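Have a look at the structure below, then the notes.
Protein chains: 2
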Amino acid sequence: MPGQPRTETAQRILDVAEKLVQTRGFNGFSYADIAETMGVTRASLHYHFPGKGDLGLALVARYRSRFDLECAAIRRRNGEAPRHLQDYIDLYHQVALDGRVCLCGMLAAEGPTLPPGMQEELRRFFDANEFWLASVLQSGRDAGLFAFPEAPLERARVLLALLEGALLLARTFGDAGRFSAVSGRALADLEA
Amino acid sequence: MPGQPRTETAQRILDVAEKLVQTRGFNGFSYADIAETMGVTRASLHYHFPGKGDLGLALVARYRSRFDLECAAIRRRNGEAPRHLQDYIDLYHQVALDGRVCLCGMLAAEGPTLPPGMQEELRRFFDANEFWLASVLQSGRDAGLFAFPEAPLERARVLLALLEGALLLARTFGDAGRFSAVSGRALADLEA
DNA sequence: GTCTATAGGTGGATAGAC
DNA sequence: GTCTATCCACCTATAGAC
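Sequence lines, in order, name chains A and B.
Position 51 (the first sequence) corresponds to 1365 in my numbering; numbering is contiguous.
Position 35 (the second sequence) corresponds to 1349 in my numbering; numbering is contiguous.
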């Protein structure tokens, strides 16, 4: 389980850094920001994450593995595909309510400026999401609950782009309701 | 026509800065980057745009007014709503082909870190886009060429989120084809 | 593990000569 | 308008004491 066996302090650093990246971007925060909110010095942070690149990699890796776990948990729960998809969308909704955007959506924007390795992790995150979504869409269509003409993976990419974009716009207008409205339409479009 | 009556040098500065923001973000480039590609010094840039905030505001204002002009031109052209919508999507496609993302999509991610005034300009950009899209959607539905159940403005927001998100994802995978695939589905969904 | 201290670099910005 | 020179704040990162 990568991203888990770190020390407790390292986890708390990641918690603070994650929030900072989701609101200000990877190029929009510094070790000083983390140090201040944690009440420690910058040097102390470098002990846990020598370079900002190390911190960034750990950040995406943890975010990704957590998402994987949550997605797996959703599929194990009772209910059909539409319920599972709604639960998935609710994960994003929580982010919107908190005035953040998806960690990986943010990093995708900063793309070419990121330290080595982060873009690869990013792609893995999106790949995993698309794959999971495609699986849910497939199940739903097989059960006659979803209706869409194209391949599940293609539809998954539409959904992912829509959710990431909706988070960005909702935050820009300081209105999580915009996210709900848009994501609600996406689900409705799929109904058989 | 705001954003136009500047000197020619200022326009060239904006050209370079625009490309930099669309690839690296507002927090991901510096006056030094512009100076280098233009073959001038940083001090010279400060003559045209005293602060980075001034540059940023001019950037969004120009981008917005240019988009307004292009949107108006599209509506004046021959063809029905679906054609107009496709032309609009093609504007985004050009961005994707160039390995960029939408200037305002990028700035939306950086949101709270932007200099004063830029977020307001950003919202104006998105508002104008939604309004234009809603108008095209309305026309198309009135003509029996589009079919969608919700209010045109609501559908417009779905489309805008989808396009902005698709640009982000296409660039992350270095594959403009992802943008075409996603935007193509969006258009197909609307067909009556 | 966390601290103080500091190095080395880059950022935005200004003054003043040309 | 563009230049040189310079300032100061901030950033990432390291050394070494505790």
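Cβ coordinates follow ideal geometry from the N, Cα and C atoms, glycine included.
Just so it is clear, the structure is predicted and the values come from calculations on it, not from any experiment.
Rounded C-alpha distance that separates residue i from residue j
i	j	result
A1500 (chain B)	L1369 (chain A)	37 Å
S1379 (chain A)	L1417 (chain A)	13 Å
E1464 (chain A)	A1349 (chain B)	48 Å
G1317 (chain A)	R1376 (chain A)	Bear in mind that a pLDDT of 47 at G1317 (chain A), under 50, signals an unreliable position, so the number given afterwards is only what the model happens to contain. The alpha-carbon atoms of G1317 (chain A) and R1376 (chain A) are separated by roughly 5 Å.
A1470 (chain A)	S1358 (chain A)	42 Å
V1330 (chain B)	T1351 (chain B)	8 Å
W1446 (chain A)	D1382 (chain A)	9 Å
V1415 (chain A)	D1401 (chain B)	29 Å
A1324 (chain A)	D1412 (chain A)	23 Å
S1279 (chain A)	E1468 (chain B)	One cannot answer for residue 1279 (chain A) here, as it falls past the ends of chain A, which runs 1315 to 1506.
T1337 (chain A)	R1338 (chain B)	17 Å
H1407 (chain B)	H1398 (chain B)	14 Å
E1332 (chain B)	S1449 (chain B)	28 Å
G1451 (chain A)	P1466 (chain B)	For the record, residue 1451 (chain A) in the displayed sequence is Leu; it is not Gly. C-alpha separation (whole angstroms): 26 Å.
G1488 (chain A)	V1409 (chain B)	27 Å
G1367 (chain A)	T1427 (chain A)	11 Å
H1360 (chain B)	E1435 (chain B)	22 Å
M1315 (chain B)	L1371 (chain B)	Caution applies to M1315 (chain B), whose pLDDT of 43 falls short of 50 and renders its modelled position unreliable; the model cannot decide the point.
Below-8 Å beta-carbon distance, residue i vs any chain B residue
i	result
A1475 (chain A)	yes
V1472 (chain A)	yes
P1396 (chain A)	no
A1486 (chain A)	As written in the sequence, residue 1486 (chain A) is Thr, which differs from the Ala given in the question. Cβ-Cβ to chain B under 8 Å: yes for T1486 (chain A).
N1443 (chain A)	no
E1350 (chain A)	no
D1368 (chain A)	no
R1499 (chain A)	yes
P1466 (chain A)	no
G1436 (chain A)	The amino acid occupying residue 1436 (chain A) in the given sequence is Leu; Gly does not appear at that position. Closer than 8 Å: yes.
A1423 (chain A)	yes
Integer Cβ distance of residue i from residue j, believed to fall under 8 Å
i	j	result
A1423 (chain A)	L1482 (chain B)	6 Å
R1485 (chain B)	G1425 (chain A)	6 Å
V1472 (chain A)	L1421 (chain A)	Contact flag wrong, Cβ pair sits at about 21 Å.
G1454 (chain A)	P1396 (chain A)	6 Å
L1476 (chain B)	V1496 (chain B)	7 Å
G1342 (chain A)	N1341 (chain B)	5 Å
E1478 (chain A)	G1419 (chain A)	4 Å
E1327 (chain B)	H1362 (chain B)	Reading off the sequence shown, one finds Ile at residue 1327 (chain B), where the question assumed Glu. Going by Cβ atoms, the distance from I1327 (chain B) to H1362 (chain B) rounds to 6 Å, so yes, they are a contact pair.
Helix, strand or coil at residue i according to DSSP, with G and I counted as helix
i	result
F1460 (chain B)	strand
E1505 (chain B)	strand
D1489 (chain A)	coil
V1335 (chain B)	helix
G1367 (chain B)	helix
V1330 (chain B)	helix
F1343 (chain B)	coil
S1497 (chain B)	helix
T1355 (chain B)	coil
R1380 (chain B)	helix
R1390 (chain B)	helix
T1323 (chain A)	helix
8 Å Cβ cutoff, residue i in contact with chain A
i	result
M1420 (chain B)	yes
G1365 (chain B)	no
A1495 (chain B)	yes
D1503 (chain B)	yes
L1482 (chain B)	yes
N1392 (chain B)	no
T1337 (chain B)	yes
V1330 (chain B)	no
T1321 (chain B)	no
Taking the runs of the alpha helix (DSSP H) that are 4 residues or longer, which of them lie wholly in the segment 1398 to 1480 of chain B?
-> 1417 to 1424, 1432 to 1456
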